[in-house]
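2 protein chains.
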Amino acid sequence: MVVLGPGDDAAVVRAADGRVVASTDLLVDGVHFKRDWSSAADVGVKAAAQNLVDVAAMGAVPTAVLVALVCPLDLPVTWAEEFTAAFDGECDLVGAVLVGGDVSRGPTLTLAVTALGDLQGRPPVTRSGAEPGDVVALTGRLGWSAAGLAVLSRGFRSPAQVVAAHRRPAPPYAEGPVAARCGAHAMCDVSDGLVQDLGHIARASAVQIRLETARLEVSSRLQDVGRALNVDPLRWLLTGGEDHALVATFGSASDVPAGWTVIGRVREGEGVLVDGAPYPHAGWDAFGTGTSRT
Amino acid sequence: MVVLGPGDDAAVVRAADGRVVASTDLLVDGVHFKRDWSSAADVGVKAAAQNLVDVAAMGAVPTAVLVALVCPLDLPVTWAEEFTAAFDGECDLVGAVLVGGDVSRGPTLTLAVTALGDLQGRPPVTRSGAEPGDVVALTGRLGWSAAGLAVLSRGFRSPAQVVAAHRRPAPPYAEGPVAARCGAHAMCDVSDGLVQDLGHIARASAVQIRLETARLEVSSRLQDVGRALNVDPLRWLLTGGEDHALVATFGSASDVPAGWTVIGRVREGEGVLVDGAPYPHAGWDAFGTGTSRT
């Protein structure tokens with residue numbers, strides 16, 4: 000897919016479809032990650048994942064990425080090397096190639112990643128296509144990253160599985176194009192929290208979404224962590240961001256691909272109802288900073 | 000050219016050529032600009048210009064841009080508004096559209112801009128196509144930004160023309176596609192300094208470039224500033240970055256478009272000779288930080 004890679008004024012990437020999908024996201028040290036809690040490789044996975052999944056959430060296949068990296072002078076060279084190896088490894092999972100970027104010194108470690116993608120001839124699956132009567136379906140891990148962050152925030156480092164989920168999201172990239180092929184009406188990734196991200200679809204589509212929590216599976220692992228921390232784990236599923244699950248609406252249950260779970264319905268109206276009522280809690284805000292991701 | 004603009008997980012941009020040109024550049028407060036010396040509008044112009052010209056330097060027409068902005072909490076809202084207006088205005092000059100981006104809080108004002116472009120069916124003009132026998136030609140302002148920075152660095156604010164040139168580059172965007180249509184063999188924009196950027200072409204093409212300074216016009220304005228600051232203004236032309244002039248090689252002088260000036264020749268060999276000798280001075284480093292732009 001790469002006509003011309005890094006080293007020139009710009010890269011050239013094939014766009015056989017005649018359109019290109021493009022998304023840019025930031026990761027700022029202390030805002031989106033903490034170097035105390037996440038290794039260079041963790042940040043590399045996260046930086047790639049959050050952008051690649053934005054492309055997948057349009058129903059597209061990621062093709063290329065560009066990385067802008069601001070490095071403090073005291074950043075160990077090994078940090079940048081480990082970051083790059085993990086970043087490349089995550090891109091390899093979907094067949095995307097690093098084609099360019101920029102590096103600068105600066106006081107705060109900052110990453111701006113741009114991902115490009117190929118719609119393979121299909122229309123993009125936007126947030127605005129949901130219709131009354133649609134079913135709402137989900138695929139991918141939900142609440143794990145928030146549970147992991149809750150563990151880390153209280154000074155623990157285990158259970159390893161939820162901590163790892165916070166450090167390294169594992170989005171279901173391939174399911175984006177699968178959903179598009181199955182005729183998904185609307186789609187986005189869960190980066191701000193399920194209720195909040197369904198709210199984005201509801202607003203963009205001018206519909207109401209009714210979520211049924213009985214349909215959300217709360218794994219025994221999250222139940223254990225919830226008991227240990229005295230938190231209802233359902234809250235992590237409803238408000239936790241950064242797992243980058245995919246949520247989409249389909250015209251009927253028979254359109255929903257294998258591996259997706261129906262979790263609700265689209266109706267006329269507005270907003271999101273959780274088990275029939277508005278949900279009072281705010282969305283995802285990893286370090287309580289007032290930052291929200293789109 | 001825009002199929003889907005901001006507000007979804009990703010944008011969708013037309014790429015009728017079947018390929019897309021993509022470039023990312025950083026601007027970090029205190030590294031690439033100083034807010035004392037450059038207004039929000041100045042930074043907006045500069046952020047757009049340095050990326051749009053990277054696309055033009057491939058011989059492509061810029062189509063779309065994405066912006067990632069890290070804002071300190073104390074950044075006035077008016078700064079972001081003025082930045083955006085000026086950024087949009089510069090994009091308008093070339094018909095490029097802001098299609099997406101990301102905003103985060105963070106301690107250091109940082110901009111990462113990605114520009115996309117359309118090759119209109121032509122091959123990209125890379126740095127590696129120069130051939131022995133080519134002529135080297137230049138278009139656009141050279142040395143003005145460095146002169147303006149020299150003025151500002153000594154505490155002056157005039158002459159206004161060179162200070163403005165430092166604050167707001169005015170790259171000859173349209174000349175990139177013009178050079179490509181005229182059959183340019185190699186091209187890049189002058190962002191690190193003429194000698195250094197010609198060195199990039201010489202290295203990538205495995206040739207030697209011989210620059211003749213008698214062919215470089217030193218405007219009377221730069222001569223005046225040079226006298227006032229006791230600096231040979233030719234040095235600004237040879238080592239000053241950030242004007243974003245375009246330099247290209249062509250198979251013969253008759254291929255060189257109107258508005259371009261022949262400034263040297265390509266020979267077998269390596270490196271860059273200035274009037275027959277190696278040039279001892281380093282390239283551009285705006286604030287003496289050891290940062291170089293590609």
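From first to last, the protein sequence lines stand for chains A and B.
Mapping the first sequence onto numbering that gives the first Met the number 0, position 152 (from 1) lands on 151, and the numbers just tick up by one.
Mapping the second sequence onto numbering that gives the first Met the number 0, position 61 (from 1) lands on 60, and the numbers just tick up by one.
Each residue gets a CB set at the ideal place from its N, CA and C atoms; glycine is no exception.
Distance cutoff 8 Å, beta carbons only. Does arginine 18 of chain B sit that close to anything in chain A? yes
Note to self: Assuming contact is defined by CB atoms lying nearer than 8 Å, are serine 251 of chain B and valine 124 of chain B in contact in what I supplied?
What the structure shows: no
Starting from the beta carbon of threonine 23 of chain B, find every residue of chain A whose beta carbon is closer than 8 Å, and list them in chain order.
Leu65, Val66, Ala67, Gly99, Gly100, Asp101, Ala111, Thr113
### Message
Less than 8 Å between CB atoms is the rule here; does threonine 290 of chain A satisfy it with respect to chain B?
### Response
Residue confidence for threonine 290 of chain A is low, a pLDDT of 39 falling below 50, so the modelled location carries little weight; the figure read from the coordinates is stated next. Interface residue, yes.
Rounded to whole angstroms, what is the Cα-Cα separation between alanine 145 of chain B and aspartate 191 of chain B? 11 Å
Evaluate contact between the stretch 42-52 of chain A and the stretch 82-101 of chain B, counting only Cβ atoms and requiring at least three cross-stretch pairs below 8 Å. no
- Query: Using the beta-carbon count (16 or more within 10 Å), is threonine 260 of chain A buried or exposed?
  - Reply: exposed
Quick one: list the residues of chain A neighbouring proline 106 of chain B, beta-carbon separation under 7 Å, in chain order. Pro106, Thr107
> With C-beta atoms as the reference, is aspartate 345 of chain B less than 8 Å away from aspartate 73 of chain A?
Replying inline: Since the first residue shown for chain B is 0 and the last is 293, residue 345 of chain B is missing from the structure and cannot be characterised.
Apply the 10 Å Cβ neighbour rule to proline 176 of chain A and answer buried if 16 or more other Cβ atoms are within range, or exposed otherwise.
buried
Starting from arginine 209 of chain B, trace the alpha helix (DSSP H) both ways and give me its first and last residue.
Run containing arginine 209 of chain B: none in the alpha helix (DSSP H); it sits in the beta strand (DSSP E), 207-210.
Q) Within the chosen definition, does the stretch 260-278 of chain A reach the stretch 220-230 of chain A through at least 3 CB pairs nearer than 8 Å? A) no
CB contact below 8 Å: leucine 3 of chain B versus chain A
yes
Legend entry - Outcome for serine 103 of chain A when other beta-carbon atoms lying within 10 angstroms are tallied against a minimum of 16: buried
Between glycine 295 of chain A and glycine 270 of chain A, which are expected to be in contact by the criterion C-beta below 8 Å, what is the C-beta distance as a whole number of angstroms?
For residue 295 of chain A there is no data in the structure shown, the boundaries of chain A being 0 and 293.
Cβ of valine 54 of chain A within 8 Å of any chain D Cβ
Looking for chain D here will not work: the only protein chains present are A and B.
**Prompt:** When we look at the beta-carbon of glutamine 195 of chain A and count the other beta-carbons within 10 Å, is it buried (16 or more) or exposed?
**Reply:** buried
Requested in this report: Work out the CA separation of serine 37 of chain A and arginine 156 of chain A for me, nearest whole Å.
Outcome: 11 Å
Below 8 Å on C-beta distance, what does alanine 10 of chain A contact in chain B? Val20, Ala21, Ser22
Any beta carbon from chain A within less than 8 Å of arginine 202 of chain B's own beta carbon? no
* Taking Cβ to Cβ, would you say leucine 233 of chain A is nearer than 8 Å to alanine 67 of chain B? -> no
Contact set between cysteine 70 of chain B and chain A, taken where Cβ atoms lie within less than 7 Å:
The premise fails here: cysteine 70 of chain B is roughly 10 Å from chain A at the closest Cβ pair, so nothing lies under 7 Å.
Please report the distance separating the alpha-carbon of glutamate 80 of chain A from that of valine 12 of chain A.
25 Å
Given this structure, state the Cα-to-Cα distance separating tryptophan 19 of chain B from valine 76 of chain A, to the nearest angstrom. It should be pointed out that residue 19 of chain B corresponds to valine in this sequence rather than to tryptophan. One C-alpha to the other measures close to 32 Å.
Nearest by alpha-carbon distance to valine 224 of chain B: which of B:Gly263, B:Gly147, B:Leu245 is it? B:Gly147
- Task: Measure the Cβ-Cβ separation of alanine 63 of chain B and leucine 3 of chain B and say whether it is below 8 Å.
- Result: no
Chain A within 8 Å of proline 168 of chain B, Cβ atoms only = no
Q. Which term fits aspartate 35 of chain B, buried or exposed, when burial requires 16 or more other beta carbons within 10 angstroms of its beta carbon?
A. exposed
Which term fits arginine 180 of chain B, buried or exposed, when burial requires 16 or more other beta carbons within 10 angstroms of its beta carbon? exposed
- Message: For phenylalanine 155 of chain B, report the span of its alpha helix (DSSP H) as first-last.
- Response: Careful: phenylalanine 155 of chain B lies outside any alpha helix (DSSP H) and carries neither H nor E.
Residue burial classification, proline 131 of chain B (beta-carbon count within 10 angstroms, cutoff 16)
exposed
- Task: Taking all protein chains shown into account, decide if glutamine 119 of chain B is buried (16 or more other Cβ within 10 angstroms of its Cβ) or exposed.
- Result: exposed
Whole angstroms are fine: how far does the CA of valine 1 of chain A sit from the CA of alanine 10 of chain A? 8 Å
| query | Rounded to the nearest angstrom, how far is the Cβ of arginine 214 of chain A from that of arginine 266 of chain A, given a contact under 8 Å? | reply | Rounded, the Cβ-Cβ distance is 16 Å, inconsistent with contact.
For arginine 34 of chain B, does the three-state DSSP call read helix, strand or coil? coil
Considering only C-alpha positions, which residue in the set A:Thr248, A:Val150, A:Trp143, A:Gln49 is nearest to leucine 237 of chain A? A:Trp143
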